[in-house]
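Chemist: Count the sequence shown with UniProt numbering and you get residues 1 to 349, in order.
By construction, the Cβ of each residue, glycine as well, lies at the ideal position given by its N, Cα and C atoms.
A quick note: this is a predicted structure, and the numbers were derived from the prediction, not measured.
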Amino acid sequence: MEEALVPQSIGSYLIRDKLGSGGFSSVFQSLDTRTQIPVAIKVIDKHRVNLQSLQREEDLLKKLDHPFCVSFYEFFEDEHYYYLVMEYVEGRTIFKLINAKGALPEWLCRHVFCQLICALDYLHSTLKCVHRDIKAENIMLDNSGNIKLIDFGLSNIFESNNTLLSTVVGSPAYAPPEMFNGQKYNANTDLWSAGVVLYAMSVGKLPFTDPCFQKLVQKITMLEPEYPEDLSPLLVDLLHRMLMKDFNCRMSIAKIRDHPWFTKYRYSPIMTADYEIDQHYRIHGTDDGDEDVLKRLQDLNFNGIQLQRLARNNVYSSDVAPFQIVHRYIIKQKMKGMYKQAQDDANGD
């Protein structure tokens with residue numbers, strides 16, 4: 001992508017440091033000058049992107065309304081680029097955390113995993129969406145210690161729990177056996193990938209690796225993972241049930257949530273598909289819990305009630321974006337204690 005053509009500012013946003021790039025897009029840390037809150041802007045080359053894929057990604061991002069999934073604020077374009085304005089997640093990916101520290105403490109693995117299952121329950125049950133690229137690189141731990149699931153570019157919608165998909169997508173090391181066996185698959189593919197993430201966090205490496213793609217596929221489809229002796233028996237049991245080769249035998253989200261390793265997490269009872277509703281964390285839900293948001297907007301000289309009404313009607317525009325940006329920022333502040341509480345619980349065992 002020709003980054004020399006990317007402007008230093010666009011709309012109400014100052015474009016700053018590049019966070020990462022792909023073949024036809026780059027992501028920049030930016031600043032919303034109206035709220036003084038950082039955002040992330042994905043800048044996409046108009047002449048190289050598949051418009052159908054971009055539209056599918058934008059449509060899904062607009063539906064996301066969950067504190068463990070990255071938030072979407074607005075979309076616009078100029079002569080050269082499309083711009084997706086999204087929540088800026090200050091922190092690092094689980095992939096980078098594992099590379100820096102190796103195997104993570106069991107309490108932290110549980111904290112991350114339980115929040116991931118909460119996000120997947122929301123995607124599968126509420127949005128009828130399969131992420132299809134769950135991996136350590138796509139899970140961020142923000143500076144409050146909570147996760148953000150990112151990169152929904154490969155996600156797809158299914159009609160019902162019985163719908164089967166067939167396109168082979170995602171990262172091979174995290175992909176389930178059914179993707180390589182020519183079988184159709186369902187949302188359980190995300191649960192296999194979540195099991196791979198849990199294994200990687202707990203062991204410090206992936207369960208199946210090989211530089212040769214054909215040998216990697218052979219390992220994934222035919223071999224069982226090796227479990228170090230220092231892993232707790234409950235954790236090994238959960239991993240074994242999640243990494244079943246037959247996706248029809250793989251553990252469901254409901255059974256994962258009932259597993260004794262999962263229920264050790266203090267917040268396990270609320271890690272459900274309705275978490276964002278029960279905690280009044282939705283941007284596009286009821287008016288409950290918006291008092292702090294409205295006060296912050298009033299201090300910034302916005303008509304918070306009017307912006308709230310537009311946001312409730314699923315309006316995405318530059319005018320409404322400040323409500324969404326401030327709302328997500330305040331929710332993040334309210335959730336700050338979860339990481340420390342999980343750590344304190346572990347220290348008290």
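Buried or exposed: which applies to ILE325, given that a residue is buried once 16 or more other Cβ atoms fall within 10 Å of its Cβ?
Modeler: Counting from 1 along the sequence shown, the entry for residue 325 is found at position 325. By the 10 Å Cβ count, ILE325 comes out buried.
Chemist: May I have the straight-line CA-CA distance separating ALA187 from ASP299, to the nearest angstrom?
Modeler: As a first step, residue 187 must be located in the sequence shown, where it is residue number 187. As a first step, residue 299 must be located in the sequence shown, where it is residue number 299. Approximately 44 Å, taken between the alpha carbons.
Chemist: Measuring straight from C-alpha to C-alpha, what distance separates ILE44 and ASP237?
Modeler: Residue mapping note: residue 44 aligns to position 44 of the sequence shown, counting from 1. Residue mapping note: residue 237 aligns to position 237 of the sequence shown, counting from 1. So the alpha carbons of these two residues sit roughly 43 Å apart.
Chemist: What did DSSP end up calling GLU178 once you bin it into helix, strand or coil?
Modeler: For the purposes of this step, residue 178 is identified with residue 178 of the sequence shown, where counting begins at 1. Note: GLU178 maps to helix in three-state DSSP.
Chemist: Secondary structure at VAL168, three-state DSSP: helix, strand or coil?
Modeler: Here residue 168 corresponds to residue number 168 of the sequence shown, with the count starting at 1. No answer about VAL168 holds up, because its pLDDT of 42 lies below 50 and its placement is not dependable.
Chemist: Please go through the same chain and pick out, in chain order, the residues whose beta-carbon is closer than 7 Å to the beta-carbon of LEU127, but skip the five residues on each side of it.
Modeler: As a working note, residue 127 is residue 127 in the sequence shown. Within the same chain, LEU127 has close Cβ partners LYS63.
Chemist: SER71 and GLU87: beta carbons closer than 7 Å?
Modeler: As a working mapping, residue 71 is identified with position 71 in the sequence shown. As a working mapping, residue 87 is identified with position 87 in the sequence shown. The answer is yes: Cβ separation under 7 Å.
Chemist: Check whether the Cβ atoms of ILE15 and PHE28 lie closer than 7 Å to each other.
Modeler: Here residue 15 corresponds to residue number 15 of the sequence shown, with the count starting at 1. Here residue 28 corresponds to residue number 28 of the sequence shown, with the count starting at 1. Yes. Within cutoff.
Chemist: Among the candidates VAL203, HIS111, SER53, TYR174, whose CA atom is the shortest distance from the CA of LEU231?
Modeler: As a working note, residue 231 is residue 231 in the sequence shown. Of the listed residues, the one whose Cα sits closest to LEU231 is VAL203.
Chemist: What are the boundary residues of the alpha helix (DSSP H) that includes ARG92?
Modeler: Mapped onto the sequence shown, residue 92 falls at position 92. Per DSSP, ARG92 belongs to no alpha helix (DSSP H); it is in the beta strand (DSSP E), 91-93.
Chemist: So who's on the other strand from MET86, going by DSSP bridges?
Modeler: What you label residue 86 is simply residue 86 of the sequence shown in a count that begins at 1. Paired residues: ALA40, PHE72.
Chemist: In chain order, what residues of the same chain have a beta carbon less than 7 Å from the beta carbon of PHE302, not counting five sequence neighbours either side?
Modeler: Against the sequence shown, residue 302 aligns to sequence position 302. Counting only Cβ-Cβ distances below 7 Å, and skipping sequence neighbours, we find PRO322.
Chemist: Can you tell me which of the three DSSP states ILE150 falls into?
Modeler: One-based indexing of the sequence shown puts residue 150 at position 150. Looking at ILE150 - three-state DSSP - the assignment turns out to be coil, as it is neither helix nor strand.
Chemist: So ILE98 and ASP190 are in contact, right, with Cβ under 8 Å, and what is the actual spacing, rounded?
Modeler: For this step, residue 98 is matched to residue 98 along the sequence shown. For this step, residue 190 is matched to residue 190 along the sequence shown. Not quite, the Cβ-Cβ distance comes to about 19 Å (not below 8 Å), so this is no contact.
Chemist: Between the C-alpha atoms of SER53 and LYS148, what's the straight-line distance to the nearest angstrom?
Modeler: Working through the sequence shown from its first residue, we reach residue 53 at position 53. Working through the sequence shown from its first residue, we reach residue 148 at position 148. Near 22 Å, if we compare the C-alpha coordinates of LYS148 and SER53.
Chemist: What does a CB cutoff of less than 7 Å around SER125 pick up in its chain, not counting 5 residues either side in sequence?
Modeler: As a working mapping, residue 125 is identified with position 125 in the sequence shown. Result list for SER125: ALA273, in chain order.
Chemist: In or out: LYS340 buried (at least 16 other Cβ within 10 Å) or exposed?
Modeler: Position 340 of the sequence shown, counting from 1, holds the residue named residue 340. The residue in question, LYS340, is exposed, as its Cβ has fewer than 16 Cβ neighbours within 10 Å.
Chemist: Quick check on DSSP: helix, strand or coil for ASP190?
Modeler: Against the sequence shown, residue 190 aligns to sequence position 190. The answer is helix: DSSP assigns ASP190 an H, G or I state.
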